[in-house]
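Residue numbers (the working numbering): 13 to 278.
All C-beta atoms in this analysis are idealised placements derived from N, C-alpha and C, irrespective of residue type, glycine included.
So the structure is just underneath, and the comments pick up after that.
Rendered as structure tokens:
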């Protein structure tokens, strides 16, 4: 029995908790030398009245499930975001909603095993013998190569959904959503998905599915989930002359392409 999405892809999502908020992210295994945490800028930063960015909190925590999907216990990490930023290991784009954290240096031992040495500011609180999975460079697709009308998947933690008391959703585990690449906005260099996202999805990955043959599909990471597209509805009372504005989720989502992520690593 085969799975539609490769197992490694299901291991990508990372739950990020910052203060009272949560978001999503994923790891990028860059050139087999460094491991980066990728997320949306607004998961880690806010803006003041002068449009200056500041950390939501100096501390953060990560929930990470590894390569072996049968292991239900995650690894837990803590981030000292203040130290990471001071040491130049936390970066964000001023114009595109993406941020990266250099998480670990990678090396290969004589037996071929890859070893991660965590960066100062990263501490592992629970160690599970289950390797972290990061997106490899060859599985990334650039903005110019994204194909409108192809299927798309988003992976993340939409923890604003559901009633926590009902237990409908296990908020400690990621969820997938399926849609299509609806369009590309060349003016903003962003990707539009016909795929609804909700609070907690921010920073999660978007995957484009290429149908190579009836039996072969390519799964490529195309970007970072940034925001939903709102639908505005005005309700006007002719009798009282009042106007009410309703804002709803249109079902479309904006994704920042991986180009901006790779620019931060250079």
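Grouping DSSP H, G and I as helix and E and B as strand, with all else coil, what is residue i?
{"i": "residue 273", "result": "helix"}
{"i": "residue 53", "result": "helix"}
{"i": "residue 159", "result": "coil"}
{"i": "residue 93", "result": "helix"}
{"i": "residue 20", "result": "helix"}
{"i": "residue 149", "result": "helix"}
{"i": "residue 98", "result": "helix"}
{"i": "residue 15", "result": "coil"}
{"i": "residue 42", "result": "strand"}
{"i": "residue 257", "result": "strand"}
{"i": "residue 144", "result": "coil"}
{"i": "residue 206", "result": "strand"}
{"i": "residue 138", "result": "strand"}
Can you tell me whether residue i is buried or exposed? The criterion is at least 16 other CB atoms within 10 Å of its CB, across all chains shown.
{"i": "residue 48", "result": "buried"}
{"i": "residue 227", "result": "exposed"}
{"i": "residue 31", "result": "exposed"}
{"i": "residue 77", "result": "buried"}
{"i": "residue 79", "result": "exposed"}
{"i": "residue 283", "result": "Beyond the ends of the chain as shown, which are 13 and 278, falls residue 283; an answer cannot be given."}
{"i": "residue 234", "result": "buried"}
{"i": "residue 220", "result": "buried"}
{"i": "residue 60", "result": "exposed"}
{"i": "residue 40", "result": "buried"}
{"i": "residue 24", "result": "buried"}
{"i": "residue 114", "result": "buried"}
{"i": "residue 125", "result": "exposed"}
{"i": "residue 38", "result": "buried"}
{"i": "residue 259", "result": "exposed"}
{"i": "residue 243", "result": "exposed"}
{"i": "residue 280", "result": "Residue numbering for the chain in the displayed model covers 13 to 278; residue 280 lies beyond these limits and cannot be assessed."}
{"i": "residue 107", "result": "exposed"}
{"i": "residue 157", "result": "exposed"}
{"i": "residue 51", "result": "buried"}
Out of the options, which one is the CA nearest neighbour of residue i?
{"i": "residue 26", "options": "139, 245, 43, 89", "result": "89"}
{"i": "residue 236", "options": "22, 36, 14", "result": "36"}
{"i": "residue 218", "options": "278, 250, 264", "result": "264"}
{"i": "residue 138", "options": "193, 73, 66", "result": "73"}
{"i": "residue 170", "options": "220, 98, 187", "result": "187"}
{"i": "residue 46", "options": "110, 146, 154", "result": "146"}
{"i": "residue 70", "options": "81, 61, 249, 55", "result": "55"}
{"i": "residue 53", "options": "141, 34, 43", "result": "34"}
{"i": "residue 222", "options": "261, 272, 278, 153", "result": "153"}
{"i": "residue 83", "options": "117, 241, 22, 148", "result": "22"}
{"i": "residue 149", "options": "262, 266, 29, 232", "result": "232"}
{"i": "residue 75", "options": "99, 179, 177, 134", "result": "134"}
{"i": "residue 16", "options": "178, 255, 229", "result": "229"}
{"i": "residue 183", "options": "66, 63, 19, 86", "result": "86"}
{"i": "residue 276", "options": "18, 67, 105", "result": "105"}
{"i": "residue 240", "options": "68, 256, 262", "result": "262"}
Minimum length 3: unbroken beta strand (DSSP E) runs contained in the region 210-241: 217-223
Runs of beta strand (DSSP E) wholly within the region 112-136 (minimum 3 residues, chain order): 126-130
Segment contact, 8 Å Cβ cut-off, at least three pairs: the region 205-221 with the region 189-197: yes
Three or more C-beta pairs below 8 Å linking the region 242-261 and the region 192-200: no
The region 157-169 contacting the region 203-210, beta-carbon criterion three pairs below 8 Å: yes
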